[in-house]
Amino acid sequence: MKIKKEYEFIRNDLDDYFSERILTSEFPRALVDPIKYIFINKGKKIRAILLVESCKLFDIEYKKIRDVALALECIHTYSLIHDDLPSMDDDDFRRGEMTIHKKYDEATAILVGDALISLSFELLSSDNLALPLGVKIILINNLAKSSGGKGMVGGQMLDLYLNKEFASIDDISGMQYMKTGELFHFACTSGVIIGNGTKQDMKNLSEFAKCFGAIFQISDDLIDVKSTLEIAGKAVGKDIKKGKLTMIDLLGEDKTRKEISKYMNKASSILQVYGEKGNNLHALCMQLIDRKS
Ligand code: GRG
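Per this note's numbering: the sequence shown ends with 1046, consecutive numbering throughout.
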């Protein structure tokens, strides 16, 4: 219960900070309105929470890294807006409402996404982020790699053109790691960089990110098969309709659920090194398994 309140605090604080301090009058109203529409009071903000929790392992407090958490959520939100466009996944619903290109128009959706990418790097390079310059450069470099052609965008490209007939489990999980896992990697490893962790910490948190990403992706695939538009807040049943290959197709539902347990056990054993400090990250993994949206 205590951690649910903490997560609610982070979500609300990021919303307030974004709308009151970042989206200043320098931005045209025509951009601010759709940004607020898709961001404020929307989404689980799980990447921000994961980043905050990973930073706690190194005793870094939330306010110090709030801009990093917001930058990550901006990049993630842009990816959803562009992914929903007619030329990509062509979706009408996102975060329980109409997608931006449906509510506004396609040009607005493209430009809102573009503005969020730039804003993300502005946040990381701004003087407001009180971290040493060298640390900021590493974070900027890492987010650029995780979100770009070697990461999320590359994974999206592979997903568009993966040859479904010949794809193996490794092809699918490799593509999914790039598409969604790389941003989790950024979330999990930023604390090591900011908190001056060891090489072993980097190895641990990178491995943990892989487990977290895999659990997230498998639970997302299960939502697509099992949930409804009302509960999930987005269209479901899309993977089958669009002929997308998921782990469920290759392994079946039972074995896929067993895969979740495998990743969960691995995540738990990595976190043991951090003792009680790792409890919240463990709880976050458990929440993924039970999530409905
Ligand atoms: C278009 C450049 C570009 C990239 C898109 C991540 C991605 C790449 C597309 C998203 C497609 C998708 C729905 C993938 C499944 C996993 C996923 C990222 C789900 C949405 O993330 P949540 O559940 O969403 O954290 P909220 O709304 O809570 O932030």
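In this text, a Cβ means the ideal position worked out from N, Cα and C, and glycines have one as well. Predicted model only: the values in this text are computed from it and were never measured.
Under a 10 Å Cβ-count criterion, Pro781 is classified as exposed, with fewer than 16 other Cβ atoms of the shown protein chains found around its own Cβ. By the neighbour-count definition (other C-beta atoms within 10 Å, threshold 16), Ser1022 is an exposed residue.
When DSSP states are grouped into helix, strand and coil, Glu779 belongs to the coil group.
In this model, Glu1006 and Tyr1016 are separated by some 16 Å (Cα to Cα).
The beta carbon of Ile968 sits closer than 7 Å to the beta carbons of Ile1013, Tyr1016, Met1017, Cys1038, Leu1041 and Ile1042 from its chain, once the five residues preceding and following it are set aside; these are given in chain order. For Gly796, the Cβ falls inside the 7 Å cut-off from some heavy atom of the ligand GRG. Shortest gap from the CB of Gln1040 to any heavy atom of the ligand GRG: 7 Å or more. If you look at Tyr1016, you'll find it in the alpha helix (DSSP H) that goes Glu1006 to Leu1024. For Lys1019, same chain residues with a beta-carbon under 7 Å away, outside a window of 5 residues either side, are Cys964 in chain order. Comparing alpha-carbon positions, the option among Asp858, Cys941 and Met1000 lying closest to Ile834 turns out to be Asp858.
The Cβ-Cβ distance between Phe792 and Thr830 falls below 8 Å. Our two residues, Arg774 and Gly1028, have alpha carbons roughly 37 Å apart in a direct line. Within the DSSP secondary-structure output, Met851 pairs in a beta bridge with Phe846.
For Arg1044, the secondary structure class from DSSP, reduced to helix, strand or coil, is coil. Where Met928 is concerned, the enclosing alpha helix (DSSP H) starts and stops at Ile922 to Gln929.
In the assembly as shown, Tyr914 is an exposed residue. Its beta-carbon has fewer than 16 other beta-carbons within 10 Å. Judged by DSSP secondary structure, Phe762 falls within the alpha helix (DSSP H) whose first and last residues are Lys755 to Tyr770.
A distance below 8 Å between beta-carbons, with the five flanking residues on each side excluded, links Glu826 to the following residues of its chain, in chain order: Leu767, Phe792, Gly796, Lys798, Arg800 and Ala801. The shortest CA-to-CA distance from Ile946 to any of Ile818, Leu864 and Lys995 is the one to Ile818. Within 7 Å of the C-beta of His938 there is not a single heavy atom belonging to the ligand GRG. Shown here, Asn949 sits in coil according to DSSP, grouped into three states, outside any helix or strand. Nearest Cα to Gln909 within the set Lys898, Lys932 and Ala897: Lys932. Taking non-hydrogen atoms of the ligand GRG into account, the C-beta of Arg764 is found less than 7 Å away from none of them. Per the coordinates, the alpha-carbon of Ala862 lies some 14 Å from the alpha-carbon of Ile828. With fewer than 16 other beta carbons inside 10 angstroms of its own, Leu1003 counts as exposed. One thing to note: Leu877 has its Cβ within 8 Å of the Cβ of Ile893.
Rounded to the nearest angstrom, the gap between the Cα atoms of Met955 and Thr942 is 6 Å.
The residue from Asp977, Asn949, Leu958 and Asn1032 with its alpha-carbon nearest to that of Arg1044 is Asp977. With distances taken between CA atoms, Phe762 lies nearest to Tyr815 out of Ala783, Lys809 and Tyr815. If you look at Met905, you'll find it in the alpha helix (DSSP H) that goes Met905 to Tyr914. Look at Asp973 here: in three-state DSSP terms it is helix.
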